[in-house]
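Working notes for the structure below.
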Amino acid sequence: MSAQGLYTRRRITNAIAMTFGTAATVLGLFFLVWILWLTLINGISALHGSLFTKITAYGPQGGLANAIVGSLMMDLIALLICTPIGVMAGTWLAEYARLTRLGTVIRFLNDILLSAPSIVLGLFVYMIIVLPMSNMTHGAVSFSGFAGGVALALIGLPVIVRTTDEMLQLVPSTLREAALALGVPQWKLTMQILLRAASSGIVTGVLLALARLAGETAPLLFTAFGNNFMTAHPLDKMASVPVAIYQYTNDPDPTLHAIAWAGALVITLFVLALSLLTRLFFSRKKVSYG
Amino acid sequence: MQVTLTRQLVRDSERRAHLDARYDRIFRGVLKFCALLVLAALLGAALSTLWGGREVLFGQGLHFLTSDAWNPVKDDYGALSPIFGTLVTSLIAIVLAVPVSFGVAMFLTEIAPTWMRGPVSSAIELLAGIPSIIYGMWGLFVFVPFMSGIEPALSATLGRIPLIGKLFQGPPLGLGLLTAGIVLAVMILPFITSVMREVFQTVPTRLKESAYALSSTRWEVLWDIVLPYTRSAVIGGIILGLGRALGETMAVTFVLGNSYNITSSLLMPGTSISSSIANEFNEAVGVHRSALIALGFLLFVVTFIVLLIARLMLHQLARREGK
Numbered sequence: 000m001s002a003q004g005l006y007t008r009r010r011i012t013n014a015i016a017m018t019f020g021t022a023a024t025v026l027g028l029f030f031l032v033w034i035l036w037l038t039l040i041n042g043i044s045a046l047h048g049s050l051f052t053k054i055t056a057y058g059p060q061g062g063l064a065n066a067i068v069g070s071l072m073m074d075l076i077a078l079l080i081c082t083p084i085g086v087m088a089g090t091w092l093a094e095y096a097r098l099t100r101l102g103t104v105i106r107f108l109n110d111i112l113l114s115a116p117s118i119v120l121g122l123f124v125y126m127i128i129v130l131p132m133s134n135m136t137h138g139a140v141s142f143s144g145f146a147g148g149v150a151l152a153l154i155g156l157p158v159i160v161r162t163t164d165e166m167l168q169l170v171p172s173t174l175r176e177a178a179l180a181l182g183v184p185q186w187k188l189t190m191q192i193l194l195r196a197a198s199s200g201i202v203t204g205v206l207l208a209l210a211r212l213a214g215e216t217a218p219l220l221f222t223a224f225g226n227n228f229m230t231a232h233p234l235d236k237m238a239s240v241p242v243a244i245y246q247y248t249n250d251p252d253p254t255l256h257a258i259a260w261a262g263a264l265v266i267t268l269f270v271l272a273l274s275l276l277t278r279l280f281f282s283r284k285k286v287s288y289g
Numbered sequence: 000m001q002v003t004l005t006r007q008l009v010r011d012s013e014r015r016a017h018l019d020a021r022y023d024r025i026f027r028g029v030l031k032f033c034a035l036l037v038l039a040a041l042l043g044a045a046l047s048t049l050w051g052g053r054e055v056l057f058g059q060g061l062h063f064l065t066s067d068a069w070n071p072v073k074d075d076y077g078a079l080s081p082i083f084g085t086l087v088t089s090l091i092a093i094v095l096a097v098p099v100s101f102g103v104a105m106f107l108t109e110i111a112p113t114w115m116r117g118p119v120s121s122a123i124e125l126l127a128g129i130p131s132i133i134y135g136m137w138g139l140f141v142f143v144p145f146m147s148g149i150e151p152a153l154s155a156t157l158g159r160i161p162l163i164g165k166l167f168q169g170p171p172l173g174l175g176l177l178t179a180g181i182v183l184a185v186m187i188l189p190f191i192t193s194v195m196r197e198v199f200q201t202v203p204t205r206l207k208e209s210a211y212a213l214s215s216t217r218w219e220v221l222w223d224i225v226l227p228y229t230r231s232a233v234i235g236g237i238i239l240g241l242g243r244a245l246g247e248t249m250a251v252t253f254v255l256g257n258s259y260n261i262t263s264s265l266l267m268p269g270t271s272i273s274s275s276i277a278n279e280f281n282e283a284v285g286v287h288r289s290a291l292i293a294l295g296f297l298l299f300v301v302t303f304i305v306l307l308i309a310r311l312m313l314h315q316l317a318r319r320e321g322k
């Protein structure tokens with residue numbers, strides 16, 4: 000092949016590849032816009048005040064008030080469980096086990112838990128909480144908001160562990176050395192200096208975890224189950240927005256589909272607003288570390 | 000006087016050192032316990048589903064793994080159809096998502112002007128933030144009608160090709176394996192893209208600049224320099240996407256059609272492990288419930304192995320970087 004021919008061929012290959020890359024990006028963005036736009040359009044047209052004031056027991060005439068309360072309740076339970084455990088586990092990884100074998104193994108398994116199938120985590124909580132509770136109370140308490148919260152905590156836990164670990168590793172070691180040289184014991188150093196220095200990063204982790212677990216449906220199906228009435232008692236069966244969307248989408252009634260879209264809009268806005276907030280926190284943190 | 004004061008001070012500081020040491024031990028123990036809970040969660044998920052499915056896993060053994068029957072009336076259960084559906088939809092997702100992710104990662108690291116990279120990559124990552132139930136709704140209400148519109152055309156074109164033609168023949172229901180695979184592809188796209196983009200950025204600039212200095216085109220730099228350098232991590236990212244696709248429930252449940260069969264056509268409805276569990280668990284009792292939990296165990300084991308391989312491959316590049 001002549002030099003000129005080779006040159007032309009290379010240029011054409013390059014042009015094709017560049018066009019493909021651009022087209023792929025446009026395709027990805029197209030799907031994003033398609034999904035968000037439809038959620039917005041269908042959601043807004045079904046968004047009435049009754050969505051937040053009426054419960055699902057009224058069906059097509061109702062709203063999602065009990066599901067919203069249930070979701071908030073279970074998200075809260077989940078955060079109350081996974082934040083302390085996650086922060087402590089992450090602290091152990093970063094401060095006590097940075098290079099040890101057990102630390103490496105746990106860090107590794109935490110990453111696997113991060114993408115483990117959420118439906119299996121739901122089954123797990125069903126086996127260890129819902130069934131035993133039902134057996135102990137002879138069926139009086141079975142599915143519960145508490146079980147749902149635990150299942151969601153399992154979704155959020157690895158996120159918090161990972162961010163805490165990473166954020167603490169970013170804290171300069173001179174800070175540790177200075178404190179240790181003054182005779183500060185390790186627990187005080189960790190609680191009062193290191194966690195404080197990494198606090199904005201840890202808040203980021205908690206927000207990320209919330210954004211992830213708030214939209215989860217699969218782990219709630221067999222733990223919190225669902226409920227058509229308003230309840231905030233953690234031992235009752237509890238409704239949630241994602242599960243209500245799931246049930247309404249499965250229903251043939253188009254009026255319920257409209258309510259499901261409104262719920263979808265609410266939850267999408269909540270989750271996306273959280274991720275934006277996280278970004279804000281995160282960029283500020285980067286600046287303060289210089 | 001002086002002596003007693005000194006003695007007092009020494010005693011005080013000794014006592015404090017003693018207390019501090021004890022608090023340190025307790026503190027350390029509590030932290031370690033929490034870290035071990037992560038391990039316990041994974042182990043517990045495996046063991047509890049194994050226990051819950053014991054009736055079917057140990058009672059029927061191989062029959063459960065090799066049979067395609069799923070009959071709650073006769074209590075005869077085989078995992079083959081759900082396994083088939085899970086594998087096929089995930090494979091479709093990977094086949095479609097990998098080239099697109101590669102294209103997007105290429106765009107974000109080599110093609111786009113610098114000012115565009117941040118916003119576009121944030122937008123792609125936004126796709127990962129959308130809850131999976133929204134993908135499911137969109138899939139059922141929007142994408143299924145769309146697919147049933149174009150499926151006759153697929154059958155008429157791709158369906159005529161010998162060998163692979165069979166895959167695209169069938170009724171234009173809209174629902175089915177292909178539709179579920181495409182929805183999954185959109186879902187895992189941001190995960191694979193973000194891994195690829197990140198590892199592409201780890202390639203030392205001097206390697207790329209050397210290639211450019213030898214008058215390589217952008218494509219040649221990417222294909223001959225960047226990709227070989229990051230190969231194991233790129234494959235790790237792809238397998239990570241596979242792990243996501245295997246375990247995904249909500250995005251596929253609505254669009255699969257929930258029917259237990261194994262067909263040669265991708266346009267036919269099917270089922271997957273996760274969607275079987277989601278659809279039937281709350282109505283199931285006895286052996287049926289045990290069979291569904293056993294399915295959950297299988298899913299957990301398979302995704303665990305897949306994710307383990309993915310993480311190991313991602314780890315390799317990080318180690319070479321000296322992290």
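Going down the list, the protein sequences come from chains A and B. For the first sequence, counting from 1, position 161 maps to 160 in numbering that gives the first Met the number 0; every step adds exactly one. For the second sequence, counting from 1, position 227 maps to 226 in numbering that gives the first Met the number 0; every step adds exactly one. All residues carry an ideal CB built from backbone N, CA and C; glycine is no exception.
Just the Cα atoms here: how many angstroms apart are residue 209/A and residue 9/A? Taking the straight line joining both Cα atoms gives about 49 Å.
Go ahead and label residue 114/B buried or exposed: buried means 16 or more other beta carbons lie within 10 angstroms of its beta carbon, across all protein chains shown. Classification of residue 114/B: exposed, given that the 10 Å Cβ count is below 16.
Short CB-CB distance (under 8 Å) between residue 284/B and chain A: For residue 284/B, the closest Cβ of chain A is not nearer than 8 Å.
Would you say residue 82/A reaches chain B, if we count a Cβ-Cβ gap shorter than 8 Å as a contact? Not flagged as an interface residue toward chain B: residue 82/A, since no C-beta distance is shorter than 8 Å.
Between residue 198/A and residue 153/B, what straight-line distance do the alpha-carbon atoms span, to the nearest angstrom? In this structure, the alpha-carbon of residue 198/A lies about 54 Å from that of residue 153/B.
Do residue 162/B and residue 265/B come within 8 Å of each other at the CB atom, strictly closer than that value? It is not a contact, given that the beta carbons lie outside the stated cut-off.
From residue 279/A to residue 200/A, what distance separates their C-alpha atoms? The straight-line gap from Cα to Cα measures roughly 11 Å.
Identify every run of the alpha helix (DSSP H) within the stretch 33 to 98 of chain A, keeping only runs that are complete inside it and at least 4 residues long; order them along the chain. Entirely contained in the stretch 33 to 98 of chain A, the alpha helix (DSSP H) runs reaching 4 residues are, in chain order, 49 to 52, 64 to 90.
Are any of the Cβ atoms in chain B nearer than 8 Å to that of residue 126/A? Taking Cβ atoms only, chain B reaches closer than 8 Å to residue 126/A, which makes this a yes.
Taking the alpha-carbon positions, what's the residue 287/A to residue 275/A distance? Confidence at residue 287/A is low in this model, with a pLDDT of 38, below 50, so the placement of that residue should be treated as unreliable; the coordinate-derived value is given next. Computed Cα separation, rounded: 19 Å.
Tell me, please, whether the CB atom of residue 81/B is closer than 8 Å to any CB atom in chain A? No - not a single Cβ of chain A is within 8 Å of the one on residue 81/B.
Cβ of residue 251/B within 8 Å of Cβ of residue 271/B? Yes, the pair counts as a contact, with Cβ atoms nearer than the cut-off.
Kindly indicate which three-state DSSP category residue 22/B falls into: helix, strand or coil? In the three-state reduction of the DSSP assignment, residue 22/B falls in the helix class, which pools H, G and I.
Taking residue 232/A as part of the alpha helix (DSSP H), name the residues at either end of that continuous run. Here residue 232/A belongs to no alpha helix (DSSP H), and DSSP marks it neither H nor E.
Going by other Cβ atoms of all chains shown within 10 Å of its Cβ, with 16 needed for buried, is residue 57/B buried or exposed? Flag for residue 57/B reads exposed.
Residues within the stretch 300 to 316 of chain B neighbouring chain A, beta-carbon criterion of under 9 Å: Look at the stretch 300 to 316 of chain B: the residues with a C-beta under 9 Å from a C-beta of chain A are 302, 303, 306, 307, 309, 310, 311, 313, 314.
Assign residue 7/B to buried or exposed, taking buried as 16 or more other Cβ atoms, counted over all protein chains shown, within 10 Å of its Cβ. The residue is exposed, with fewer than 16 neighbouring Cβ atoms inside 10 Å.
Could you check where the alpha helix (DSSP H) with residue 159/B kicks off and where it finishes? Taken as a continuous stretch (DSSP letters only), residue 159/B belongs to no alpha helix (DSSP H), as it is neither H nor E.
Rounding to the nearest angstrom, what Cα-Cα distance links residue 257/B and residue 14/A in this structure? A straight-line Cα-Cα distance of about 44 Å links residue 257/B and residue 14/A.
With a 10 Å radius around its C-beta and 16 neighbouring C-beta atoms as the bar for buried, classify residue 247/B as buried or exposed. Classification for residue 247/B: buried.
Bridge partners for residue 257/B per DSSP, in chain order? BP columns for residue 257/B are empty, so no partner.
Proximal residues to residue 69/B (C-beta, below 7 Å), its chain only, five neighbours per side dropped: In the same chain as residue 69/B, and ignoring 5 residues on each side of it, the C-beta atoms closer than 7 Å to its own belong to 76, 77, 80, 259, in chain order.
Counted within 10 angstroms of its Cβ, other Cβ atoms place residue 316/B as buried (16 or more) or exposed: Burial call: buried.
Do you know whose CA, among 25/B, 36/B, 51/B, 37/B, lies nearest residue 289/B's CA? The candidate whose alpha carbon is nearest that of residue 289/B is 51/B.
Cβ of residue 235/A within 8 Å of Cβ of residue 141/A? Between residue 235/A and residue 141/A, the CB-CB gap reaches or exceeds 8 Å.
Could you tell me which chain A residues have their CB closer than 9 Å to the CB of residue 50/B, listed as they occur along the chain? Residues of chain A whose Cβ lies closer than 9 Å to the Cβ of residue 50/B are, in chain order, 126.
Does the beta carbon of residue 11/B come closer than 8 Å to any beta carbon on chain A? Residue 11/B is outside the set of residues whose beta carbon lies under 8 Å from a beta carbon in chain A.
Taking 8 Å as the CB-CB limit, is residue 55/B close to chain A? Taking a beta-carbon distance threshold of 8 Å, residue 55/B does not count as an interface residue toward chain A.
Between residue 104/A and the rest of its own chain, which residues show a CB-CB distance below 8 Å, the 5 nearest in sequence each way excluded? No residues qualify anywhere along the chain.
If we define contact as Cβ-Cβ less than 8 Å, is residue 216/B a contact residue for chain A? Interface residue, yes.
Just the C-alpha distance for residue 266/A and residue 121/B, rounded to the nearest angstrom, thanks. Approximately 19 Å, taken between the alpha carbons.
If I'm right that residue 271/A touches residue 128/B with Cβ under 8 Å, what's the distance once you round it to whole angstroms? About 6 Å separates the beta carbon of residue 271/A from that of residue 128/B, a gap short enough to meet the 8 Å contact definition.
Hey, could you find the ends of the alpha helix (DSSP H) residue 137/A is sitting in? Per DSSP, residue 137/A belongs to no alpha helix (DSSP H) and is neither H nor E.
Take residue 147/B as the anchor and find which of 117/B, 133/B, 178/B, 124/B has the nearest alpha-carbon. In this structure, 178/B is the residue among 117/B, 133/B, 178/B, 124/B with its C-alpha nearest to the C-alpha of residue 147/B.
In its own chain, which residues sit with a C-beta less than 6 Å from the C-beta of residue 184/B, not counting the 5 before and 5 after it? Cβ within range, chain order: 92, 95, 96.
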